[in-house]
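**Student:**
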Amino acid sequence: MKLAARIGQVPPSLTLAIAAKAKALKAEGIDVCSFSAGEPDFDTPAHIKAAAEKALQEGKTKYGPAAGEPKLREAIARKLREDNGLCYNAENVIVTNGGKHSLFNLMLALIETGDEVIIPAPYWLSYPEMVKLAEGTPVIVTTDASGGYKITPDQLRSAITPKTKLFVLNSPSNPTGMIYTPEEIKALAEVVVENNIWVVSDEIYEKILYDGAEHLSIGAIGPEIFDRTIISNGFAKAYSMTGWRLGYLAGPVELIKAATTIQSHSTSNVCTFAQYGAIAALEGSQACVEEMCQAFAARRQVMLDRLNAIPGLICPKPDGAFYMFPDISQTGMKSMEFCNALLESHQVAAVPGIAFGADDCIRLSYATDMASIEKGMDRLEKFVREKT
Ligand code: PLP
Numbered sequence: 001m002k003l004a005a006r007i008g009q010v011p012p013s014l015t016l017a018i019a020a021k022a023k024a025l026k027a028e029g030i031d032v033c034s035f036s037a038g039e040p041d042f043d044t045p046a047h048i049k050a051a052a053e054k055a056l057q058e059g060k061t062k063y064g065p066a067a068g069e070p071k072l073r074e075a076i077a078r079k080l081r082e083d084n085g086l087c088y089n090a091e092n093v094i095v096t097n098g099g100k101h102s103l104f105n106l107m108l109a110l111i112e113t114g115d116e117v118i119i120p121a122p123y124w125l126s127y128p129e130m131v132k133l134a135e136g137t138p139v140i141v142t143t144d145a146s147g148g149y150k151i152t153p154d155q156l157r158s159a160i161t162p163k164t165k166l167f168v169l170n171s172p173s174n175p176t177g178m179i180y181t182p183e184e185i186k187a188l189a190e191v192v193v194e195n196n197i198w199v200v201s202d203e204i205y206e207k208i209l210y211d212g213a214e215h216l217s218i219g220a221i222g223p224e225i226f227d228r229t230i231i232s233n234g235f236a237k238a239y240s241m242t243g244w245r246l247g248y249l250a251g252p253v254e255l256i257k258a259a260t261t262i263q264s265h266s267t268s269n270v271c272t273f274a275q276y277g278a279i280a281a282l283e284g285s286q287a288c289v290e291e292m293c294q295a296f297a298a299r300r301q302v303m304l305d306r307l308n309a310i311p312g313l314i315c316p317k318p319d320g321a322f323y324m325f326p327d328i329s330q331t332g333m334k335s336m337e338f339c340n341a342l343l344e345s346h347q348v349a350a351v352p353g354i355a356f357g358a359d360d361c362i363r364l365s366y367a368t369d370m371a372s373i374e375k376g377m378d379r380l381e382k383f384v385r386e387k388t
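For the sequence shown, UniProt numbering begins at 1 and goes up steadily by one.
#1: Identify every run of the beta strand (DSSP E) within the segment 44-102, keeping only runs that are complete inside it and at least 3 residues long; order them along the chain.
#2: In angstroms with no decimal places, state the Cα-to-Cα distance between Y276 and E53.
#3: Please classify E69 as buried or exposed, where buried requires at least 16 neighbouring CB atoms within 10 angstroms.
#4: In whole angstroms, give me the CA-to-CA distance for A17 and G312.
#5: Are there any heavy atoms of the ligand PLP lying less than 8 Å away from the beta-carbon of I204, as far as the coordinates show?
#6: From the DSSP output, in three-state form, read off A37 for me.
#7: Does the ligand PLP have even one heavy atom less than 8 Å from the beta-carbon of T143?
#8: Could you name the residues of the same chain whose beta carbon sits closer than 7 Å to that of Q150, not counting the 5 residues immediately before and after it, in chain order?
#9: Decide if the segment 234-245 is in contact with the segment 278-286; the criterion is three or more beta carbon pairs, one per stretch, under 8 Å apart.
#10: Taking just the CA atoms, how far does A20 sit from A220?
#11: Taking S240 as the reference, which of G8, K49 and S13 has the closest Cα?
#12: Determine the contact status of T161 and E116, defining contact as a CB-CB distance below 9 Å.
#13: CB-CB under 7 Å to F273, same chain, minus the five flanking residues each way: which ones, in chain order?
#14: Measuring only from the beta carbon, is N170 closer than 8 Å to any heavy atom that is part of the ligand PLP?
#15: Are at least three pairs of beta-carbons, each pair with one atom in the segment 130-146 and one in the segment 69-89, less than 8 Å apart?
#16: Looking at Y210 and N233, is the spacing between their C-beta atoms short of 9 Å?
#17: For E254, which of helix, strand or coil comes out of DSSP?
#18: Check the DSSP bridge columns for I231 and list the partner residues they point to.
Here is the structure:
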């Protein structure tokens with residue numbers, strides 16, 4: 001079969017592949033410590049499930065508007081105004097099948113052949129692939145641990161060419177867990193405005209912050225940057241709703257209309273009754289988010305201390321999200337070799353940093369219970385000591 005050329009350039013998602021391998025080993029009865037999935041281990045809060053169940057019982061089981069239930073679009077716009085200081089209305093919002101789908105819609109609506117999209121590395125692994133599927137060119141800007149894995153305004157400026165259309169900002173970051181301070185966000189916004197490019201701010205981890213860290217949404221800085229900003233967000237991480245497939249994109253009406261057209265010919269509306277769960281997530285008590293963050297904070301401290309006690313690993317302290325991104329270069333292994341050997345010999349699943357554009361690192365998710373973290377760290381320590 002002769003498949004379309006575009007698919008030849010895009011590998012399948014490595015994080016999903018590793019998570020599947022770990023699950024398959026578990027299904028065989030093997031005791032695997034899995035740090036591979038970017039997925040909270042908590043159940044979806046009861047009031048969110050109850051709202052979706054109620055909608056289901058009430059017969060909210062039909063096709064709905066492609067851009068989402070009007071009540072949910074309203075609730076999202078209100079959240080963006082109140083939480084993030086972004087003056088959006090419902091018409092600025094489209095409900096999507098997850099944050100991944102939001103970004104994919106955006107790339108299809110905005111990027112055309114030859115357009116360049118600036119992506120700081122380490123990056124969430126789907127960004128470059130989505131750009132390629134939209135026939136654009138990902139321009140990867142490498143950052144390192146000494147700079148907190150953050151792109152500087154000078155690096156951004158130097159990467160911009162006449163072909164640059166979009167800059168992808170992700171704070172808190174997957175995979176590093178780093179966040180940009182408000183000052184850093186302001187400095188990057190200046191470069192975006194000066195050069196008249198677009199910025200998409202992927203804020204899916206905005207609620208998962210530690211030690212009083214502050215999240216500033218780039219579009220809230222002022223009217224000029226607001227006009228050049230697109231927001232991507234979703235319910236998966238903050239409300240433990242990964243399987244619900246619910247996200248949203250917010251931005252200028254023209255863009256949202258374009259994304260709605262794409263959606264109307266591809267997925268149509270997001271599952272109707274699930275959208276009622278999302279309304280409850282936004283309008284209900286936010287105590288569930290706080291409780292999950294507290295659990296993540298305790299796990300973060302344990303994993304960080306354990307990692308940094310292993311000779312040969314260096315791990316910066318993340319400020320948000322639920323990932324550690326230790327440097328493994330002192331072990332003499334590259335990330336793929338490290339992760340394969342770790343899974344095979346000690347049954348610990350981690351994701352090779354090469355998937356995120358950083359082959360000297362591995363990603364470990366601590367969105368798992370404390371006992372698994374302790375056991376997995378024992379195994380990791382043994383593995384590294386044996387190898388070095
Ligand atoms: N953006 C980032 C940085 C992510 O880590 C993820 C999920 O892992 C997503 C977007 C997409 O999330 P979802 O499609 O599950 O809403």
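Positions of the beta carbon are idealized from the N, C-alpha and C atoms, including for glycine. This one's a predicted model, so the numbers in the text were calculated from it and none came from an experiment.
**Tutor:** Working from what's here:
#1: 93-96
#2: 9 Å
#3: buried
#4: 27 Å
#5: yes
#6: coil
#7: no
#8: The question names Gln, yet the displayed sequence has Lys at residue 150. Answer for K150: T143, M178, Y180 and E184, listed in chain order.
#9: yes
#10: 39 Å
#11: K49
#12: yes
#13: A52, A55, L56, K60 and T61
#14: yes
#15: no
#16: no
#17: helix
#18: S201 and A250
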